[in-house]
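Residue numbers (the numbering used here): 980 to 1454. Just so it is clear, CB atoms sit at the ideal spot from N, CA and C, and this is done for glycine as well. The model shown is predicted, which means the values in this text are computed figures rather than measured ones. For reference, the structure discussed in these notes is given below.
Structure below.
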């Protein structure tokens, strides 16, 4: 099968979040299964010269976007059985950042159309075009409106994945013809319209042969008003083609037996290295704690929907417990200040690093006993799976991918791999934190089983790739 994967970011070339990780991992897993995979990404100025030197220039063309006729260069790089095609246009992509420009609608409309225009010149006719989030939502739309009837393009199926439904690509009606080059009749018909705006994600949901999202629970949740951000009626109408597939993680990169960032490596056969990593993390953070002192880690963007408003309510009560809290991340100023103020008041109990750091993240995954993710919504979440891989037991709210990957520990049944709470309530979270710390201190045998069971979890991309292939083949 020939699979075309289109994304606005792809690790390791350009990445701002989970989408980049998925786009960097899933295509490789599909290629391992014996399929021909091509990944398409903009050639941002942020992509390093070291990567550019490995690329081969293929050709250039011009792409009609509304009244504009824009240059499009094409570069290719091949690795691990995957062909990566980079779309070059310095006017659109030589910017200081990947997202957040005033003309993002135009930039990604160009990219979404360019990947279709250049296909005949690449001699790559895909069976399936798989697009991701609002930035590539116009690819299935353009395909249906402008390409499906051309001989070369006939028979191609499209798949659209929602990674976060909160970001939909909503713009005023005036962009439709002037910027996107789509007739206003498609707004009047309702295809491109929602609540008086152009909504790119809505149009992609309607246009695509299949729609996926990144966990089974999130697929159910986004069909409800609380989680659907206005798109729930559209998704209920399209539920016959909506699937939820949990993301995987790179189990080679996230491996406590080989992670070079850890002070000591460890395996399920010998956990001594994890104890050494805990001591190293505490020393590095200027904290003290004994063997029976649980250390809780958090690695996250500081945002309300990540559950930090719950922490705001009970942070003092948490830090009055005999535990240590190690926090890494950045985001809303309100939460950055909350943690810095807590650090001032509880200097021996909390460490806060307002930044993003892969090295520090690995040290937290390896050195902590527990990992806290109290999210209000979480489409998939990768951190809880990484934490389990390192034998660090997650405490999560039962939502989205957290619900699908973490089950509540029940001692007398010997079941579960973490600690969970259902209601979005600060004191429910506090109760479960206390419960988890109690198991850590007083039930060492059960705790060791939790640690080893977590480290043996299979969150590889192979399992996810097989489910995507089932969808592709069904189409």
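- In the same chain as residue 1198, and ignoring 5 residues on each side of it, the C-beta atoms closer than 7 Å to its own belong to 1192, 1221, 1222, 1223, in chain order.
- As the crow flies, the alpha-carbon of residue 1030 is around 7 Å from that of residue 992.
- For residue 1105, the secondary structure class from DSSP, reduced to helix, strand or coil, is coil.
- Counting only runs of 4+ residues, the alpha helix (DSSP H) found wholly inside the segment 1310 to 1393 occupies 1312 to 1324, 1337 to 1346, 1362 to 1368, 1379 to 1384, in chain order.
- For residue 1173, DSSP records a beta bridge to 1176.
- Under DSSP, residue 1031 forms no beta bridge with any residue.
- Taking C-alpha positions only, residue 1105 is separated from residue 980 by approximately 8 Å.
- The alpha-carbon separation between residue 1241 and residue 1368 amounts to approximately 14 Å.
- Here residue 1335 is exposed: its Cβ has fewer than 16 other Cβ atoms, across all protein chains shown, within 10 Å.
- Membership of residue 1452 in the alpha helix (DSSP H) is indicated by the continuous run 1440 to 1453.
- Fully enclosed beta strand (DSSP E) runs of no fewer than 3 residues occupy 1107 to 1111, 1136 to 1141 of the segment 1089 to 1158, in order along the chain.
- Three or more Cβ pairs closer than 8 Å define a contact, and the segment 1228 to 1235 falls short of that threshold against the segment 1411 to 1419.
- Secondary structure note for residue 1301: it is in no alpha helix (DSSP H), with a DSSP letter that is neither H nor E.
- Residue 1063 counts as buried, since no fewer than 16 other beta carbons sit within 10 angstroms of its beta carbon.
- Residue range 1195 to 1200 is occupied by the alpha helix (DSSP H) that includes residue 1199.
- At the C-beta level, residue 1225 and residue 1380 come within 7 Å of one another.
- About 5 Å separates the beta carbons of residue 1150 and residue 1084, which is inside the 8 Å limit, making them a contact pair.
- Judged by DSSP secondary structure, residue 1424 falls within the alpha helix (DSSP H) whose first and last residues are 1423 to 1434.
- Per DSSP, the beta-bridge partners of residue 1043 are 1048.
- Per DSSP, reduced to three states, the secondary structure at residue 1021 is strand.
- The beta carbon of residue 1133 lies closer than 8 Å to those of 1127 in the same chain, with the five residues before and after it left out.
- DSSP places residue 1232 in the coil class of the three-state scheme, outside both helix and strand.
- In terms of Cα proximity to residue 1414, the closest of 1374, 1385, 1394 is 1374.
- In this structure, the beta-carbon distance from residue 1350 to residue 1371 falls below 7 Å.
- Only residues of its own chain outside the window of five on either side were considered, and among them 990 have a CB closer than 6 Å to the CB of residue 1000, listed in chain order.
- Closest in alpha carbon position to residue 1109, among 1172, 1212, 984, is 984.
- Rounded to the nearest angstrom, the Cβ distance from residue 1436 to residue 1396 is 7 Å, consistent with a contact under 8 Å.
- For residue 1189, the enclosing beta strand (DSSP E) starts and ends at 1189 to 1192.
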